[in-house]
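**Q**
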Amino acid sequence: MNILNINDRIFKRLHNGMDKFSYNLLVAKFFNQKSALDYLTKFVLADFRKEIIKKGIKVDIIVAVATRDSKTNIVKAVGKELAKSAGVPIYQLEKDQKIGVVLDRFLQRNPGINILLIDDVIYTGKTANLALKNLSKYKQVGKISFYPFAKSKSY
9 MNILNINDRI FKRLHNGMDK FSYNLLVAKF FNQKSALDYL TKFVLADFRK
59 EIIKKGIKVD IIVAVATRDS KTNIVKAVGK ELAKSAGVPI YQLEKDQKIG
109 VVLDRFLQRN PGINILLIDD VIYTGKTANL ALKNLSKYKQ VGKISFYPFA
159 KSKSY
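Start counting the sequence shown at 9; every next residue gets the next number (this note's numbering).
1) Taking only three categories from DSSP, how would you classify serine 30?
2) Could you pull the start and end residues of the beta strand (DSSP E) that valine 73 belongs to?
3) Which ranges would you report for the beta strand (DSSP E) in the region 75–105 if only whole runs of at least 3 residues count?
4) Pop quiz: leucine 124 and leucine 143 are said to be a contact at Cβ under 8 Å. What is the actual Cβ separation, rounded to whole angstroms?
5) 8 Å is my cut-off, CB to CB: does lysine 84 come that close to chain C?
6) Three or more C-beta pairs under 8 Å: does that hold for the region 59–75 against the region 104–114?
7) For leucine 53, which residues in the same chain have their Cβ closer than 7 Å to its Cβ, ignoring the five residues on either side in sequence?
8) Taking the beta carbon of isoleucine 121 as the centre, do at least 16 other beta carbons fall within 10 Å, making it buried, or is it exposed?
9) Contact defined as beta carbons within less than 8 Å: I believe glycine 87 pairs with isoleucine 70. What is the distance between those atoms, to the nearest angstrom?
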């Protein structure tokens, strides 16, 4: 008899009928598997180049939402690669999508900047709306664009 630990059983059950991107997102987020994170990074980076850079959407800074429900901070890890590709800085929002001191200083010193807000998965839109609300308080901010890596079927 082959005995699997609980994570392996959940892992196999969840993989049935799931597309490759969703599967790797789940594995990277909750099982902290580097190969899954590498796959996501390559996939999202290719999509980012197609959807953001080639379409000429101006990005001066990338802001990652704060995550709290996973072992791996996918948004920050993938976001670093996006920022490197675009040649812009990246900042992470704090708990409850609050603006931290460093980001606050950056926003105040750079009027008219265009922000790309990133998140791993959009479920209800609550996190993104809270982050947008907090970022919108800065009158000197130019355009704020939202780029989730994936969205739930219910959204």
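Ideal Cβ placement from N, Cα and C applies to all residues, glycine included.
**A** Taking the structure as given:
1) helix
2) That residue, valine 73, is in no beta strand (DSSP E); it is neither H nor E in DSSP.
3) 98–100
4) No, leucine 124 and leucine 143 are not in contact; Cβ-Cβ is about 11 Å, not under 8 Å.
5) Structure shown: chain C not included; a single protein chain is present.
6) These segments touch.
7) When the five nearest sequence neighbours on each side are left out, the beta carbons in the same chain lying within less than 7 Å of the beta carbon of leucine 53 are those of Glu89, Leu90 and Ser93, in order along the chain.
8) Counting Cβ neighbours within 10 Å, isoleucine 121 comes out buried, since at least 16 surround it.
9) 6 Å
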